[in-house]
Amino acid sequence: MAFSQSGGGGGGRRRSHGLPSLSEMNVTPFVDVVLVLLVIFMLTAHVMEFGIEVEVPKVRQVKDTAQELPVVTITRAGKLYLNDKEVNYNELTGQIQKRFGTGKGVYLRADKQTVFDPIAQVMSVLGEAKIPVNVVTKPVDAADEKGR
6 MAFSQSGGGG GGRRRSHGLP SLSEMNVTPF VDVVLVLLVI FMLTAHVMEF
56 GIEVEVPKVR QVKDTAQELP VVTITRAGKL YLNDKEVNYN ELTGQIQKRF
106 GTGKGVYLRA DKQTVFDPIA QVMSVLGEAK IPVNVVTKPV DAADEKGR
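According to the numbering used here, the stretch in the sequence shown is residues 6 to 153, in order.
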């Protein structure tokens, strides 16, 4: 019986059987991670609608629009924001026209606990400037329907 010191019994030389070595990086795990992150961002982008915390009123019929319009927000305390930046009532139309132009309109978000006076003032100012107003609401859930 003869024993060999080398691992393959070929006189210490490695023999290639025609198979090339794998020198490429496997990108499948990278693609998997990217797709999972994409799904997470898509789900959270819908949840994180706007930065200012406002609970809008619920209504039975909601018109789904996907226009990119400036958002005017009125908080429960009566503070006025234009796309996450606090503005004065007197500066509102000027800021909208300067930053976004005219004619397209705005979304108006108001907390459902807000008194109507600030909402009426904003709608009046925007109406005088001929800026269309789209009021943001949420659809009524089935559980909310039964509770009424």
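All residues carry an ideal CB built from backbone N, CA and C; glycine is no exception.
Quick caveat: nothing in here was measured; it's all calculated off a predicted structure.
- Exposed unless 16 or more other CB atoms sit within 10 angstroms - verdict on Lys85: Taking the first residue of the sequence shown as position 1, residue 85 is located at position 80. One detail in the question is off: residue 85 reads as Leu in this sequence, not Lys. Flag for Leu85 reads buried.
Open item on the list: Using a 10 Å radius around the Cβ and a threshold of 16 neighbouring Cβ atoms, would you call Asn88 buried or exposed?
Closed with: The residue you call residue 88 lines up with position 83 of the sequence shown. With 16 or more Cβ atoms within 10 Å of its Cβ, Asn88 is classed as buried.
_I'd like the span of the alpha helix (DSSP H) that includes Arg104, first residue to last._
The residue labelled residue 104 in the question sits at position 99 within the sequence shown. Unbroken alpha helix (DSSP H) run through Arg104: Leu97 to Phe105.
query: Can you tell me where the alpha helix (DSSP H) with Ile124 in it begins and where it stops?
result: Within the sequence shown, residue 124 is the residue found at index 119, counting from 1. Secondary structure note for Ile124: its alpha helix (DSSP H) is the uninterrupted segment Phe121 to Glu133.
Could you check which residue in Thr142, Leu48, Val140 and Met128 has the C-alpha nearest to that of Tyr94?
For the purposes of this step, residue 94 is identified with residue 89 of the sequence shown, where counting begins at 1. Measuring from the Cα of Tyr94, the nearest candidate turns out to be Met128.
Worksheet entry | Nearest residue (CA-CA) to Ala115, options Pro137, Thr80, Lys143 and Gly132 | Position 110 of the sequence shown, counting from 1, holds the residue named residue 115. If we check each option's Cα against that of Ala115, Thr80 comes out closest.
task = Please classify Ile136: is it buried, with 16 or more other beta-carbons within 10 angstroms of its beta-carbon, or exposed?
result = Counting from one through the sequence shown, the residue named residue 136 turns up at place 131. That one is buried.
Self-check item: Three-state secondary structure (DSSP) of Val32
Solution: To locate residue 32, count along the sequence shown from 1; it is residue 27. In the structure shown, the three-state DSSP call for Val32 is coil.
State the DSSP-derived secondary structure class of Leu42, mapped to helix, strand or coil. In the sequence shown, residue 42 corresponds to position 37, counting from 1. Note: Leu42 maps to helix in three-state DSSP.
Exercise. Counting only the same chain and skipping the five closest in sequence on each side, list residues whose C-beta sits under 6 Å from that of Ala134.
Key: Here residue 134 refers to the residue found at position 129 when the sequence shown is read from its first residue. Cβ neighbours of Ala134 within its own chain (closer than 6 Å, five residues either side excluded): Thr98.
| N-terminal and C-terminal residue of the beta strand (DSSP E) that Arg114 is part of | Stepping through the sequence shown from its first residue, residue 114 is reached at position 109. That run of the beta strand (DSSP E) goes Val111 to Ala115.
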